[in-house]
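Notes follow the structure.
2 protein chains.
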Amino acid sequence: MGQKAKTLPITMEDIYAAQARLRGYAVRTPLIENAALNERAGGRVLVKPECLQITGSFKFRGAYNRLSQLNEHEKTKGVVAFSSGNHAQGVALAARMLGIPATIIMPVDAPALKLQATKGYGAQVITYDRFHENREAIAAKIALETGAIIVPSFEDADIIAGQGTVGLEIAEDLNALGLAPDQMLINCGGGGLASGSFLAMKDAFGTLQGYTVEPDHYDDTMRSLMSGQIEKADVSIPSICDAIMTPSPGRMPFEILQALGVGGVTVSDDAALKAVAFASRHLKLVGEPGGVVSLAAVLTGKVETKDKVTVCIISGGNIDPLMLANAIRNFGGILDKAF
Amino acid sequence: MGQKAKTLPITMEDIYAAQARLRGYAVRTPLIENAALNERAGGRVLVKPECLQITGSFKFRGAYNRLSQLNEHEKTKGVVAFSSGNHAQGVALAARMLGIPATIIMPVDAPALKLQATKGYGAQVITYDRFHENREAIAAKIALETGAIIVPSFEDADIIAGQGTVGLEIAEDLNALGLAPDQMLINCGGGGLASGSFLAMKDAFGTLQGYTVEPDHYDDTMRSLMSGQIEKADVSIPSICDAIMTPSPGRMPFEILQALGVGGVTVSDDAALKAVAFASRHLKLVGEPGGVVSLAAVLTGKVETKDKVTVCIISGGNIDPLMLANAIRNFGGILDKAF
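The listed protein sequences derive, respectively, from chains A and B. The letter at position 321 of the first sequence is residue 321 when you use this note's numbering, and the numbering goes up by one with no holes. The letter at position 102 of the second sequence is residue 1102 when you use this note's numbering, and the numbering goes up by one with no holes.
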């Protein structure tokens, strides 16, 4: 292991080590380029489809990187995590692969597909009321009673390093193509994926400009990056982007994003749904609303893409089928000029 | 270039050469594994998602491999092709990339999405009536008048070698995983993809059993492999699997399939639509009916998958949005036990 840089919670060595641990377990997702998307952007857009990751989102990477480093004693005690669904599935499957009992605390109003899939991976699922109960307290109680290890969804060096392998793979693929990106947009909830992946991408491409992308009313990271301190979002406001409805960026992710000079943009729920339809129609990929916000930002011109090389990420595809069918029906039509 | 084997129209050297030509132009698609699919199959199933290929199907590979070998004089004369839509798009985009004028002859009842996309890639599209006009005659007339080169969709060594890079990539990825497949199922129209890819896969894994998969009433390849001579399907029978509604396998593909001891199975349109819904729900991939028949064969138990390692291909994703939305609505429900 290399020496950690003074100011950052993780280093490239942590990401390389995570990549080695994930080999043969995580899917090595490709980098996709699409003629219709390029035409629309007026430049080149490369898409990293992490919806193709095992469990349907990038979250498996961080979870497996963390869980595979537990010692035998810790493994018998089990793990506990809380999540609206993607981290839940990542932890549940990683735990099953490693023979670790897992308890997952999920909001009772989490998408049915995510609840079902998490149970399907063999985890014990405990539901709670997002508006009246505290999930951290529930997790802490379980950890105290059982000795289980809490697996945070982003405030953890191993989790961030695992998610950073997304950026590392993108850098490898861009280098193989001989392509230097101008900018990269990453969907952002707590900031684990964004901080780890921007770290790897900035290491490979020093002049890259990074942007986090959040739903309009969950712009806590964008505001934090502007003010220089961690800001909060009002979590009572509804959004279809359940995967990234986080009240504020994690301390560790924020520190990294800030050090790398990352900026922030936001998109509407409507733009996210249209991006779901676009991904299905043109990219042949199923994305969930919170998983396509960086694509939505490209499609709605939140950053200038003309004559540039832009990278974005479809971070998850765990969308309820009815919502997907409706998005395709409403926005995916053959003659729909908007998309 | 290696010496061609006595009995087969193409060799591994042709496929390696095609791979080198395609590098940087075709998408290097991944090999996807999915917990839900494995559970259903009772074994391991690896899926090659060629719906993620540029133009939304594998057809770009063969087209680019052929067109990139035209000399400068031939390039100025242009190319002509006929296709229900996937070969059309592959030829159209490859031609545009190489600065070659392209004329594509398509059935007037081809999916609207395919007609629109082919025009979008800059090709001149001529429509014809599948039931009363002869597309070969139309193409021959254009070739005669303009000197354009006809680009066949499967009866051509360069086309087959290009499609064979799909199998070569699968073999590379399986070797990297240290995994030897027991069997492989490939969607089959004229047999270009199947013959090229089985050649590459049998070269890497000698004991592999191959199966072509066709729609129930387009079982010409299966019957040909059984009888030992090229059989015909009744093309007046409707099917939603437009991409593989071919009257009979090509002579060259058939020769290869026969030499490799490949067998054949068929699936219903209903099974194909359910596989479209399954792919969307679990694999996060958009497949068209003719593109998911090998997945449908796995899901409906057309071959034994228990305790085996099985490979199948999603060969294309150019499905009309309304058909996709309906498939998801009808067969993709959260509580739908069938899928």
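We put the beta carbon where it would ideally sit given N, CA and C, even for glycine.
### Task
Output the residue ranges of the alpha helix (DSSP H) runs that lie fully inside the segment 224-265 of chain A and measure 4 residues or longer, sorted by chain position.
Here the runs fully enclosed are 251-259.
### Length of the line joining the Cα atoms of Ile160/A and Lys59/A
For this step, residue 160/A is matched to residue 160 along the first sequence. For this step, residue 59/A is matched to residue 59 along the first sequence. Ile160/A and Lys59/A: Cα-Cα distance of roughly 10 Å.
#### Entry: Proximity test, Cβ basis, 8 Å: Arg44/A and chain B
Taking the first sequence and counting its residues from 1, the one referred to as residue 44/A is at position 44. Under the Cβ criterion of 8 Å, Arg44/A is not counted among the residues facing chain B.
### Local Cβ density within 10 Å of Asn1187/B, reported as buried at 16 or more and exposed below that
Within the second sequence, the letter at position 187 stands for residue 1187/B. Here Asn1187/B is buried, its C-beta having at least 16 other C-beta atoms within 10 Å.
### Message
Do Val1309/B and Ala1180/B count as a contact pair if the criterion is CB distance below 8 Å?
### Response
Within the second sequence, the letter at position 180 stands for residue 1180/B. Within the second sequence, the letter at position 309 stands for residue 1309/B. By the CB criterion at 8 Å, Ala1180/B and Val1309/B fall inside the cutoff.
### Query
Among Phe1331/B, Leu1285/B and Phe1278/B, which one has its Cα closest to the Cα of Ala1036/B?
In the second sequence, residue 1036/B corresponds to position 36, counting from 1. Selected option, being the one with the closest Cα: Phe1278/B.
### Task
Flag this pair as yes or no: are the beta carbons of Ile256/A and Ser195/A separated by less than 8 Å?
For the purposes of this step, residue 256/A is taken as the residue at position 256 of the first sequence. For the purposes of this step, residue 195/A is taken as the residue at position 195 of the first sequence. Taking C-beta atoms as the reference points, Ile256/A and Ser195/A count as a pair closer than 8 Å.
### Query
For chain B, is any of its Cβ atoms less than 8 Å away from the one on Pro181/A?
For the purposes of this step, residue 181/A is taken as the residue at position 181 of the first sequence. Not one chain B Cβ lies under 8 Å of Pro181/A.
### Task
Label Val1108/B either buried or exposed according to how many other C-beta atoms from any shown protein chain fall within 10 Å of its C-beta, with 16 as the threshold for buried.
In the second sequence, residue 1108/B corresponds to position 108, counting from 1. Exposed is the label assigned to Val1108/B, since fewer than 16 other Cβ atoms lie within 10 Å of its Cβ.
### Task
Determine the closest residue to Val1213/B out of Cys1051/B, Thr1076/B, Ala1272/B and Asn1318/B, with distance taken between C-alpha atoms.
As a position in the second sequence, residue 1213/B is number 213, starting the count at 1. Distances from the alpha-carbon of Val1213/B to those of Cys1051/B, Thr1076/B, Ala1272/B and Asn1318/B put Ala1272/B closest.
#### Entry: One or two residues paired with Val286/A in a DSSP bridge
The sequence position of residue 286/A within the first sequence is 286, counting from 1. Paired residue(s): none; Val286/A is not in a bridge.
### Task
Output yes or no for whether 8 Å exceeds the beta carbon distance between Ala1200/B and Met1323/B.
Here residue 1200/B refers to the residue found at position 200 when the second sequence is read from its first residue. Here residue 1323/B refers to the residue found at position 323 when the second sequence is read from its first residue. Contact flag unset, no.
### Message
In the DSSP output, what is Ile149/A paired with across the bridge?
### Response
To locate residue 149/A, count along the first sequence from 1; it is residue 149. Note: Ile149/A sits in a beta bridge opposite Val79/A.
#### Entry: Beta-carbon gap between Thr1118/B and Ala1088/B smaller than 8 Å
One-based indexing of the second sequence puts residue 1118/B at position 118. One-based indexing of the second sequence puts residue 1088/B at position 88. A contact, by the Cβ cut-off of 8 Å.
### Task
Anything in chain B within Cβ reach of Pro30/A, meaning under 8 Å, just list it in chain order.
Against the first sequence, residue 30/A aligns to sequence position 30. Under the 8 Å cutoff, chain B gives Val1027, Arg1028, Thr1029, Pro1030 and Leu1052.
### Query
Going along chain B in order, which residues have a C-beta closer than 7 Å to the C-beta of Gly317/A?
Numbered from 1 along the first sequence, position 317 holds the residue referred to as residue 317/A. In chain order: Lys1284.
### Task
Quick one: grab the DSSP three-state call for Lys308/A.
Numbered from its first residue, the first sequence carries residue 308/A at position 308. In the structure shown, the three-state DSSP call for Lys308/A is coil.
### DSSP-derived helix/strand/coil call for Ile159/A
Within the first sequence, numbered from 1, the residue matching residue 159/A stands at position 159. Under the three-state reduction of DSSP, Ile159/A is assigned to helix.
### Task
Enumerate in chain order the residues of its own chain whose CB-to-CB distance from Ile126/A is below 6 Å, with the five nearest sequence positions on each side excluded.
Here residue 126/A corresponds to residue number 126 of the first sequence, with the count starting at 1. In chain order, Ile105 place their CB closer than 6 Å to the CB of Ile126/A, counting only its own chain and leaving out the 5 sequence neighbours on each side.
### Message
If you follow the beta strand (DSSP E) that Thr1127/B is in, where does it begin and where does it stop?
### Response
Taking the first residue of the second sequence as position 1, residue 1127/B is located at position 127. It spans Gln1124 to Tyr1128 - the beta strand (DSSP E) in which Thr1127/B sits, taken as one unbroken run.
### Stretch-stretch touch, CB-based, cutoff 8 Å, three pairs: the segment 1275-1290 of chain B with the segment 1323-1332 of chain B
Yes, the segment 1275-1290 of chain B touches the segment 1323-1332 of chain B.
### Task
Give the straight-line distance between the Cα atoms of Gln19/A and Met184/A, rounded to the nearest whole angstrom.
To locate residue 19/A, count along the first sequence from 1; it is residue 19. To locate residue 184/A, count along the first sequence from 1; it is residue 184. Cα to Cα, the separation comes out at about 21 Å.
### Rounded C-alpha distance that separates Tyr128/A from Arg135/A
The residue you call residue 128/A lines up with position 128 of the first sequence. The residue you call residue 135/A lines up with position 135 of the first sequence. Taking the straight line joining both Cα atoms gives about 7 Å.
### Message
Do Gly1317/B and Val1286/B count as a contact pair if the criterion is CB distance below 8 Å?
### Response
Working through the second sequence from its first residue, we reach residue 1286/B at position 286. Working through the second sequence from its first residue, we reach residue 1317/B at position 317. Yes. Within cutoff.
#### Entry: Span of the alpha helix (DSSP H) around Val292/A
For the purposes of this step, residue 292/A is taken as the residue at position 292 of the first sequence. Per DSSP, Val292/A belongs to no alpha helix (DSSP H) and is neither H nor E.
### Query
What does Arg21/A reach in chain B if we use C-beta pairs closer than 9 Å?
Taking the first residue of the first sequence as 1, we reach residue 21/A at position 21. Within 9 Å Cβ-Cβ: nothing; Arg21/A doesn't reach chain B, min ~16 Å.
### Message
For a contact defined as C-beta to C-beta under 8 Å, what are the partners of Glu1155/B on chain A?
### Response
Along the second sequence, one-based indexing puts residue 1155/B at 155. Simply none; closest approach about 27 Å.
### Query
For Arg28/A versus Tyr64/A, is the C-beta distance shorter than 8 Å?
Numbered from its first residue, the first sequence carries residue 28/A at position 28. Numbered from its first residue, the first sequence carries residue 64/A at position 64. Arg28/A is not a Cβ neighbour of Tyr64/A, given a cutoff of 8 Å.
### Task
With DSSP as the reference, please indicate the residues paired to Leu185/A in a beta bridge.
In the first sequence, counting from the first residue as 1, residue 185/A sits at position 185. Leu185/A pairs with Tyr211/A and Cys312/A.
### Message
Let's test the definition: count the other Cβ atoms within 10 Å of the Cβ of Leu144/A and tell me whether it reaches 16, buried, or not, exposed.
### Response
Residue numbering aside, residue 144/A sits at position 144 when the first sequence is read from its first letter. Leu144/A counts as exposed, since fewer than 16 other C-beta atoms from the protein chains shown sit within 10 angstroms of its C-beta.
### Query
Which of the three DSSP states, helix, strand or coil, is assigned to Ser57/A?
Here residue 57/A refers to the residue found at position 57 of the first sequence. In the structure shown, Ser57/A falls within a strand segment according to DSSP collapsed to helix, strand and coil.
### Query
From this set, Ala1157/B, Leu1093/B and Gly1167/B, which residue's C-alpha is nearest Ile1314/B's C-alpha?
Position 314 of the second sequence, counted from the first residue, corresponds to residue 1314/B. Ile1314/B has its Cα closest to that of Gly1167/B, out of Ala1157/B, Leu1093/B and Gly1167/B.
### Query
Cα separation between Lys1337/B and Glu1072/B?
Position 337 of the second sequence, counting from 1, holds the residue named residue 1337/B. Position 72 of the second sequence, counting from 1, holds the residue named residue 1072/B. Residue placement at Lys1337/B cannot be trusted, given a pLDDT of 48 that sits under 50; what the coordinates show is reported in the next sentence. About 57 Å.
### Query
From Gly301/A, Ser57/A and Cys312/A, pick the residue whose C-alpha is nearest to that of Ile170/A; which is it?
Within the first sequence, residue 170/A is the residue found at index 170, counting from 1. Looking at Gly301/A, Ser57/A and Cys312/A, the one whose alpha-carbon comes closest to that of Ile170/A is Cys312/A.
### Message
Just to make sure I have the definition right: I need the residues of chain A whose C-beta is within less than 9 Å of the C-beta of Ser1083/B. Which are they?
### Response
Position 83 of the second sequence, counting from 1, holds the residue named residue 1083/B. Those within 9 Å of Ser1083/B in chain A number zero; the least Cβ separation is about 17 Å.
### Task
Could you tell me whether the Cβ of Ser340/A comes closer than 8 Å to any Cβ of chain B?
For chain A, the structure presents residues 1 to 339; residue 340/A sits outside this window and is missing.
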